[in-house]
Amino acid sequence: VSRKCQGLIIKNIFNLPIRENVIRYADTMNFPIILIEGSDIHYEDLIILINERVKHYESLHYRESKVDEMIRNAANNEVVERIAYEINPSFKSDIISMYFEAVDDFSAEKYPEMEEKIIGKGILTASDSMFYYKDGFYIVLTRDMFSTINEMELVEPILKTFGDSLKNFKVGISPVHHLLYQLKNSLEESRYASRLKGLSDKEVMLYDELGLYKIILPFCENEILTEFARTYIKPLEDYDLETNGNLLETAIAYVLNDGDLQKTAEVMIQHKNTIRYRLKNISNILGIDVFEIKHYETLSCAVRIYICNDNIL
Numbered sequence: 173v174s175r176k177c178q179g180l181i182i183k184n185i186f187n188l189p190i191r192e193n194v195i196r197y198a199d200t201m202n203f204p205i206i207l208i209e210g211s212d213i214h215y216e217d218l219i220i221l222i223n224e225r226v227k228h229y230e231s232l233h234y235r236e237s238k239v240d241e242m243i244r245n246a247a248n249n250e251v252v253e254r255i256a257y258e259i260n261p262s263f264k265s266d267i268i269s270m271y272f273e274a275v276d277d278f279s280a281e282k283y284p285e286m287e288e289k290i291i292g293k294g295i296l297t298a299s300d301s302m303f304y305y306k307d308g309f310y311i312v313l314t315r316d317m318f319s320t321i322n323e324m325e326l327v328e329p330i331l332k333t334f335g336d337s338l339k340n341f342k343v344g345i346s347p348v349h350h351l352l353y354q355l356k357n358s359l360e361e362s363r364y365a366s367r368l369k370g371l372s373d374k375e376v377m378l379y380d381e382l383g384l385y386k387i388i389l390p391f392c393e394n395e396i397l398t399e400f401a402r403t404y405i406k407p408l409e410d411y412d413l414e415t416n417g418n419l420l421e422t423a424i425a426y427v428l429n430d431g432d433l434q435k436t437a438e439v440m441i442q443h444k445n446t447i448r449y450r451l452k453n454i455s456n457i458l459g460i461d462v463f464e465i466k467h468y469e470t471l472s473c474a475v476r477i478y479i480c481n482d483n484i485l
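Okay, here's the thing in structure tokens:
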């Protein structure tokens, strides 16, 4: 206390008792004494946790900048590993990432509220990390070896802890990776999955369920792809503005239901003939026959690029 310390941590390997007068004095001085009696908690973990909290309060954007640096240096595995340890020196080899993309505005000032929900429950260990990133936040879980590779089993405690708060986010989850330099892949995969959460009724979207979108997402903002999509999307947007014809909505539903006319009608709560009529209009406007496989694939590709760009081209 006289040295102005904030508390005392004792790794009590010899099971030594602490006298009552010491405890009373510590209570009086509001001086916490923490006894560690298990063998699975190490000083270095405690130091890292404290150090991480210091970094957090110094700069909320510290790890955000490190993720950006990691993505820029993706081709160099050694650099990626170094940056990974700068994000958290206790990272282990098995990795799974979750990205929570805010549905509405989510500023850095709002992030500590979400962190407090998790930190207060003690769910995360020294080898895990949670940090703000571009109007959302990441949670990265790492272990020497996960007990399962089932993504939902691994993240279920976190999802339950957030509870109703999840409705404010689109959540994407990466598969499990087994090498530290794959952290970059894991982070990107979970973010890609969050962008397409709207395609599923599930609480979260798994990257492994993205199918064709795995190929499109990394390049969806490429000028060649966006121009291709714009060729087929813009005429439908223009037509809908003039006539309120719902052609673009119909085209999207048609693609998302794999070209099944009946399913598209059911999803849009329209008669099958109404959908057929709209699809014929789409074919006339675009100069293709969307009922033919090769032309359907063209429309499908354009629609999926459009979706990956958050319906903005």
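Letter by letter, the sequence shown follows residues 173 to 485 in this note's numbering. Think of the CB as a built atom: it goes at the ideal place given N, C-alpha and C, for glycine as much as any other residue. These numbers were taken from a predicted model, which means no experiment stands behind them.
For residue j and residue i, the rounded distance between their alpha carbons
i: R448; j: N483; result: 23 Å
i: Y271; j: L378; result: 11 Å
i: E469; j: R450; result: 18 Å
i: T398; j: L485; result: 6 Å
i: A274; j: L338; result: 9 Å
i: D461; j: L408; result: 15 Å
i: S231; j: F278; result: 17 Å
i: H350; j: P204; result: 39 Å
i: L420; j: Y478; result: 11 Å
i: N184; j: L355; result: 36 Å
i: R196; j: L180; result: 14 Å
i: I291; j: G308; result: 17 Å
i: T333; j: E325; result: 14 Å
i: A474; j: E414; result: 22 Å
i: K452; j: R402; result: 20 Å
i: D300; j: Y215; result: 16 Å
i: V376; j: K176; result: 47 Å
i: N416; j: V252; result: 50 Å
i: I243; j: I345; result: 18 Å
i: N429; j: R363; result: 24 Å
i: E258; j: L352; result: 12 Å
i: N202; j: Q178; result: 9 Å
i: H286; j: C392; result: Looking at the sequence itself, residue 286 is Met, so the reference to His does not match. So the two alpha carbons sit approximately 30 Å from each other.
i: L313; j: T436; result: 39 Å
i: D336; j: I441; result: 29 Å
i: N137; j: E209; result: Shown here, the chain extends from 173 to 485; a query on residue 137 therefore has no answer.
i: I321; j: I388; result: 25 Å
i: F318; j: G294; result: 18 Å
i: H467; j: I396; result: 19 Å
i: K374; j: N481; result: 21 Å
i: L240; j: N394; result: The residue you asked about is not Leu; residue 240 is Asp in the sequence shown. Near 19 Å, if we compare the C-alpha coordinates of N394 and D240.
i: V226; j: D199; result: 25 Å
i: K444; j: P390; result: 35 Å
i: I213; j: D276; result: 39 Å
Pick from the options that is closest to residue i, judged by C-alpha positions
i: F463; options: D432, A437, M440; result: D432
i: L384; options: R476, E236, I268; result: R476
i: Y283; options: A298, K293, Y305, Y411; result: Y305
i: S262; options: E438, L296, D336; result: L296
i: D266; options: I311, V348, E375; result: V348
i: S211; options: N223, F186, R191; result: F186
i: S455; options: I441, H233, I405; result: I405
i: D412; options: I457, H233, N249; result: I457
i: V427; options: I222, I465, E241, H233; result: I465
i: A247; options: M440, D276, N357; result: N357
i: E328; options: I311, M317, D316; result: I311
i: E323; options: N445, H443, D380; result: D380
i: N260; options: N445, T200, N223; result: N223
i: L371; options: V439, D316, G294; result: V439
i: A167; options: H233, N418, T446, R191; result: Look at the range of the chain in this structure, 173 to 485, and you will see that residue 167 is not part of it.
i: N418; options: L382, N245, T446; result: T446
Helix, strand or coil at residue i [DSSP, three-state]
i: H467; result: helix
i: G292; result: coil
i: I208; result: strand
i: L180; result: strand
i: G344; result: strand
i: M242; result: helix
i: M324; result: helix
i: L382; result: coil
i: V475; result: helix
i: V462; result: coil
i: V194; result: helix
i: V226; result: helix
Cβ-Cβ separation, residue j to residue i (assumed contact under 8 Å), whole Å
i: L331; j: S269; result: In fact, because the Cβ distance is near 14 Å, the residues do not count as touching under 8 Å.
i: L218; j: I182; result: So it is not a contact: roughly 12 Å between Cβ atoms.
i: L471; j: A425; result: Their Cβ separation, rounded to whole angstroms, is 12 Å, which puts L471 and A425 out of contact at 8 Å.
i: E236; j: F303; result: 7 Å
i: K238; j: I255; result: 5 Å
i: S366; j: K342; result: 5 Å
i: K369; j: D316; result: Wrong, their Cβ atoms sit about 30 Å apart, outside the cutoff.
Every unbroken alpha helix (DSSP H) inside the segment 428-460 [4 residues or more]: 433-440, 444-458
If you scan the segment 249-315 from start to end, which runs of the alpha helix (DSSP H) of 4 or more residues do you find wholly inside it? 249-259, 283-291
Going along the chain, which unbroken runs of the beta strand (DSSP E) with 3 or more residues stay wholly within the segment 378-426? As far as the segment 378-426 is concerned, it has no whole beta strand (DSSP E) run of at least 3 residues.
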